[in-house]
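In our numbering, the protein residues as written are 1298 to 1723.
For glycine and all other residues, C-beta sits at the position ideal for the given N, C-alpha and C.
These figures come from a predicted structure and were not determined experimentally.
Read through the structure below, which is laid out as structure tokens, and then see the notes.
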Amino acid sequence: MRICVVGAGYVGLTTATALADFGHEVQCVDIDQAKIESLRQGKVPFYEQGLQELMNINHQNGRLHFSIQVEENIRDSPIVLIAVDTPPKEDGSSNLSNIHSVVETIASNIKGYKLIITKSTVPPGTNALLYQMLLDKGVEEDLFDIVSNPEFLREGTALWDIKHPNKIVFGTRSERPIKILKKLYQKGKASYIFTSLTGAELIKYASNTFLATKISFANEMARICDAFEVNYIDVAKGLGTDPRINRHFLNAGLGFGGSCLPKDLCALKDAAMRQNVETKLLDAVMAINDTQIDIYLKKLRTVLPNLEGKQITVWGLTFKPHTDDLRTSPAIALIKQLIRKGCYVHTYDPMVQQELANVSNFNDQYESVKNSDALIIATEWEQFHECDWSEVKSRMKASIILDARNCIDEKIVRNEGFIYLGVGKP
Ligand code: UGA
């Protein structure tokens, strides 16, 4: 099938590549000329495992094309998949101007039947409004179908996720597009979930906010475990063995970040508020997340009561491992707090060389700890688990480790003579 994917950002590019790999002919369009040029030269502007290689294979075999000719490609493709960004506004609601402009372009370029698929995460009710927008612009009802098809990819494992989905959600107004939709993805063991336009939008928000809820629950439990001097890991294990609960997303730590969970939580709260629905649970999930950094600074002060003038090294800058994404990263929030407290901060990340204001960034993890009073592990890269702790200790001034992701072996570092502070650990 011929598909035009609008938006060559994280979701658009990954989806376009996967669709081409499934055998479709894909035109991936974006208004950013520099980005399209670099994609044509085979360069992915962010890190995602395996994407660069798969993109190049499909670009070279002629199934995946990149273009800035948005209008022409929308006009010539019977299927248009919208994957433009919907960034948060100051009040937490989503900025839908990019999606509106794509729909306007579609409205003025419909000749024959077009299937419009919304992949971007949009607040409940948006696809119904886009449908009405097309009708208001004089597009005949018979000429198009609009489908809400949220994505559930995780950064770091996006290609695996798209090839092995656990569900494929389609929100439709009628049964007309179902036959085409079933040919779009490799289904594997996934089940199709057909629902209304708004139902599909809410499945996406419910998924991300439920994951956020699990994490905040874990973080609150870890606080309680700390108070009772109980190891949270044991509690998480006990919880996770119950199949009704499961162990996923119960890792306590600095809290959730990234471009999706915090944004979707705010957007759902905003959408609910507009319908006069109180969101006490979502409010609490956010409040817990917003105070996680304070909890770990408090923990650090139990061994370093005065942080002013201390040199602290932070390992891990990205919002989670296996990505170069710094958006809403708890590690960055932590660093900003340390600077506000008067600390000198050193940083090291296996993937990102990021210069931050008032921070010394190192490209060697051992160099980064030189003369430090404490080391904080903010992101759980495997490399930190496997490092040479006697080398680290010999370079540090004081031997304090705050493992804010419970990702290193505390016995090994304690044997090495470190003071070890973990998450929900006595
Ligand atoms: C999330 C969802 O997991 C995807 O299903 C969804 O498609 C995506 O958002 C999206 O809406 O595009 P992602 O943002 O890539 O994916 O990251 P997650 O793996 O969900 O991690 C989010 C944050 O939660 C990270 O900061 C991570 O460190 C934190 N986390 C995760 C915890 O603190 N504890 C855990 O147990 C798990």
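Measure the C-alpha to C-alpha separation of residue i and residue j and round it to an integer number of angstroms.
| i | j | result |
| --- | --- | --- |
| C1684 | S1445 | 46 Å |
| A1568 | V1308 | 23 Å |
| I1379 | I1632 | 36 Å |
| L1536 | R1544 | 7 Å |
| M1298 | H1643 | 51 Å |
| S1626 | I1512 | 15 Å |
| K1617 | Y1482 | 27 Å |
| D1700 | R1541 | 29 Å |
| F1441 | Y1428 | 9 Å |
| Q1330 | Y1410 | 29 Å |
| V1367 | G1422 | 26 Å |
| G1320 | C1704 | 40 Å |
| K1315 | K1460 | The identity of residue 1315 in the sequence shown is Ala, whereas the question assumes Lys. Distance between the alpha carbons of A1315 and K1460 is about 8 Å. |
| E1652 | N1658 | 6 Å |
| L1494 | D1561 | 17 Å |
| E1688 | K1708 | 16 Å |
| G1306 | G1347 | 16 Å |
| L1604 | Q1589 | 18 Å |
| D1327 | L1499 | 27 Å |
| C1522 | V1532 | 8 Å |
| A1630 | L1432 | 45 Å |
| I1477 | I1300 | 12 Å |
| K1484 | T1312 | 14 Å |
| L1579 | G1468 | 24 Å |
| Q1608 | V1600 | 14 Å |
| F1715 | K1595 | 19 Å |
| L1412 | V1302 | 12 Å |
| S1398 | I1443 | 16 Å |
| K1480 | V1377 | 15 Å |
| W1686 | E1713 | 7 Å |
Near residue i, what residues of its chain come up, given a Cβ to Cβ distance below 7 Å and the 5 sequence neighbours on each side ignored?
| i | result |
| --- | --- |
| P1647 | W1678 and Q1680 |
| L1351 | T1314, D1318 and L1456 |
| G1554 | F1616, T1625, S1626 and P1627 |
| C1711 | Contrary to the premise, residue 1711 reads as Arg rather than Cys in this sequence. If we look at R1711 and ignore the five residues flanking it on each side, its Cβ neighbours are Y1717. |
| A1487 | P1462, N1463, K1464 and I1465 |
| E1526 | P1723 |
Measuring only between beta-carbons, confirm whether residue i sits less than 8 Å from chain B.
| i | result |
| --- | --- |
| Q1662 | The structure shown contains no chain B; it is built from a single protein chain. |
Cutting at 6 Å between CB atoms, please list the residues of its own chain near residue i, excluding the five before and the five after it.
| i | result |
| --- | --- |
| T1415 | I1379, N1424 and S1445 |
| K1722 | N1528 |
| I1490 | K1464 and V1466 |
| R1372 | N1406 |
| I1585 | S1513, N1516 and E1517 |
| R1360 | A1317 and E1322 |
| T1610 | H1643, S1665, V1666, S1669 and L1672 |
| R1337 | F1363 |
| S1391 | T1383, P1420 and A1564 |
| I1698 | L1672, V1710, F1715 and Y1717 |
Out of the options, which one is the CA nearest neighbour of residue i?
| i | options | result |
| --- | --- | --- |
| L1393 | F1491, S1374, V1419 and I1403 | V1419 |
| A1654 | C1640, T1538 and D1539 | C1640 |
| M1518 | Y1717, Q1366, T1644 and N1548 | N1548 |
| R1470 | K1566, G1496, D1458 and R1372 | G1496 |
| G1389 | C1563, T1492 and D1373 | C1563 |
| L1635 | T1599, S1691, D1591 and Q1651 | D1591 |
| Y1344 | N1703, T1615, A1695 and R1711 | T1615 |
| K1386 | N1603, Q1324, P1559 and E1498 | P1559 |
| Q1662 | I1542, R1692, E1652 and G1306 | R1692 |
| R1624 | S1556, T1314, G1306 and A1675 | S1556 |
| Y1645 | K1667, N1353 and T1311 | K1667 |
| Y1502 | L1565, S1417, L1450 and V1341 | L1565 |
| I1365 | K1332, V1532, V1381 and H1397 | K1332 |
| E1452 | V1649, D1621, N1660 and I1629 | D1621 |
| N1355 | C1522, L1310 and N1573 | L1310 |
| N1505 | F1546, R1520, F1715 and I1475 | F1546 |
| S1374 | N1395, H1397 and C1325 | C1325 |
Leaving out the 5 sequence neighbours to the left and right, which residues in its chain are closer than 8 Å to residue i when beta-carbon positions are compared?
| i | result |
| --- | --- |
| R1702 | N1548, G1550, L1551, G1613, I1674, A1675, T1676, E1677 and V1720 |
| K1434 | E1401, A1404 and S1405 |
| Q1349 | G1339, K1340 and V1341 |
| G1606 | G1639, C1640 and Y1641 |
| K1534 | R1544 |
| N1285 | For residue 1285 there is no data in the structure shown, the boundaries of the chain being 1298 and 1723. |
| A1581 | S1513 |
| K1694 | Q1608, N1668, S1669 and D1670 |
Nearer than 7 Å: is that true of the beta carbon of residue i relative to any heavy atom of the ligand NAP?
| i | result |
| --- | --- |
| T1418 | Among the ligands present in this structure, namely the ligand UGA, the ligand NAP is not found. |
Enumerate, from N- to C-terminal direction, the unbroken alpha helix (DSSP H) stretches of 4 or more residues contained entirely within the stretch 1598-1669.
Here the runs fully enclosed are 1627-1637 and 1662-1665.
What runs of the alpha helix (DSSP H), each 4 residues or longer, lie entirely inside the stretch 1427-1471?
1455-1460
Could you tell me which uninterrupted beta strand (DSSP E) segments, each at least 3 residues in length, are contained entirely in the stretch 1499-1587, listed from first to last along the chain?
none
In chain order, which alpha helix (DSSP H) runs of at least 4 residues are fully inside the stretch 1304-1380?
1307-1318, 1330-1337, 1348-1357 and 1367-1373
Those runs of the beta strand (DSSP E) which lie wholly inside the stretch 1686-1714 and span at least 3 residues:
1697-1700
Along the chain, which unbroken stretches of the beta strand (DSSP E) at least 3 residues long are found entirely within the stretch 1383-1433?
1411-1415
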